[in-house]
Each structure stands twice: as C-alpha cells, then as structure tokens.
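Enquirer:
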Ligand SMILES: Nc1nc2c(ncn2[C@@H]2O[C@H](COP(=O)(O)OP(=O)(O)OP(=O)(O)O)[C@@H](O)[C@H]2O)c(=O)[nH]1
Ligand SMILES: [Mg+2]
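Numbering (the working numbering), first residue to last: 155 to 365.
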C-alpha cells in the first residue's frame, strides 16, 4: 500500500521487478538508471539477502506529479538478483509491492520458466496478504531482439488469468528499448488506482486484458 503523506503532499510507492533468473531484471534496472534524467534518479544499491541472492534497489528522487494534484511522487524500484533458489526470498521481495513488473524472456525455450514465475507471483502475492487481482501488473516482454521468440500475441493469450497484466510492453533491455515505457505505464496504473481508490485497502475489480 503506498504511503501517502497528505500534509507534505507526498506519495511513496514501491514497484517490484519479478521474473525468472536471466530474464533481464538487472539489465532493466541498469538501463533505467542510465536513461533517466539526473535529477530524477538516485543510486542503485545492492543489498545481500543470502549466500547467492541480492536485492537491487533503484530509488528515485521525489518528482511532482501533475496527474496527482501536484503531489510529489517518490518511487522505489526493487528486484531480486541471483539464483533465487530460496522461495522465502522470492516471497519477501513482493512484500509491500504496489505494482509489479513481470519480466519475461521472449525465447520459446524460456516459456516453462516464464510460466512457473507467473504462477509463483500469484502464490507469493497471496501469501503476503495481497490480492493478486488488486495489484497492477505490467508484463515486460523482454529480449525482442533474440531469434526464436514467441510473438506478442502469444503472451497476450497465455496470461489472462489473475493477475491479468494490465499492459504488455515489448522491450530490449540491453538497448534500453521500452524500459522507460514499462516504468511509466506501471506508475500511471498505480497512481490511477490510487485516485480511484484512495483508501487502497478495498480490492479493486480486475482489469480486463488489453485489446
Ligand atoms: N539479447 C538480449 N539480451 C538480454 C536482454 N536483456 C537481458 N539480456 C541478457 O540476458 C542475460 C541476463 O540478464 P540479467 O539482467 O542479468 O537477468 P536477471 O533477470 O537480472 O537475472 P538474475 O539476476 O540471475 O535473476 C544477460 O547476459 C543480459 O545481457 C535483451 O533484451 N536482449
Ligand atoms: Mg539480476
């Protein structure tokens, strides 16, 4: 649930990048850091969470949102990196998520991994007391430059269960293509949900899949 400080006119929220090892989470965070204007971004911080796993944090400096009644928006972006063998850390990373980027590798050979991380996303959100249908999810369909990739329609048709991604965004994280679009799309969804549903506790109706 976003922290909203009405007196200070500030809203803080956390976006989590979730996806199979090798899908492109670290590359996406690095690309965002490189592409965003200096005044907007903080540093990338790596926090050890186990022998092989680390959490990457990218903190944005607060920026004023016209959409949100001139509130200043303070964005935290978080991703787990490493083997993710421990389901406990996979679950932990989703705690307090206000929006999720589900990063998928477009290659046909990665589909079983994509499907398994999609399923575990639903499970771990539920275990964290978050109704999967109430969290905006953007499907980041990464590695569009690789050979043997599934078409965008494949992702569109395969992932329409709860949590149905509100948007699909094709990316080539290594080239920075599409990553800012992912961030903007999800930020807009989280803010939009917040404006419709200021208490943020009542579950919102599930977003229909995009046309
Ligand atoms: N061709 C291509 N390679 C990519 C793309 N995105 C990431 N990669 C490569 O895929 C590999 C894995 O990317 P990472 O960003 O480390 O993946 P990750 O999700 O952070 O992986 P873990 O930290 O192990 O969970 C790296 O060699 C990247 O350079 C892309 O869009 N196109
Ligand atoms: Mg990584």
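We put the CB at the ideal spot given by N, CA and C, even for glycine.
When the distance is taken between beta carbons, is residue 322 closer than 9 Å to residue 255?
Expert: No, the pair does not count as a contact, with Cβ atoms beyond the cut-off.
Enquirer: Locate the beta strand (DSSP E) running through residue 349, then write down its first and last residues.
Expert: Note, residue 349: premise wrong, no beta strand (DSSP E); alpha helix (DSSP H) at 333-350.
Enquirer: Using only alpha-carbon positions, find the residue among 326, 291, 343 and 272 that is nearest to residue 183.
Expert: The shortest Cα separation from residue 183 among 326, 291, 343 and 272 belongs to 326.
Enquirer: Whose CA, out of 337, 349 and 350, lies closest to the CA of residue 168?
Expert: For the residues 337, 349 and 350, the minimum Cα distance to residue 168 belongs to 337.
Enquirer: Give a yes or no on whether the C-beta atoms belonging to residue 290 and residue 253 are separated by under 9 Å.
Expert: Yes. Within cutoff.
Enquirer: Grab me the residues of residue 231's own chain with a C-beta within less than 6 Å of its C-beta, minus the 5 sequence neighbours each way, in chain order.
Expert: The residues are 169 and 212.
Enquirer: Could you give the distance in angstroms between the alpha-carbon of residue 287 and the alpha-carbon of residue 191?
Expert: When rounded, the distance between both Cα atoms is 33 Å.
Enquirer: Excluding the five sequence neighbours on either side, which residues of its own chain have a C-beta within less than 7 Å of the C-beta of residue 324, listed in chain order?
Expert: Closer than 7 Å at the Cβ level, and outside the excluded window around residue 324, lie 295, 298, 306 and 332.
Enquirer: Mind reading off the beta-carbon distance from residue 163 to residue 263? Whole number of angstroms is fine, and I expect it under 8 Å.
Expert: Not a contact, Cβ separation roughly 48 Å.
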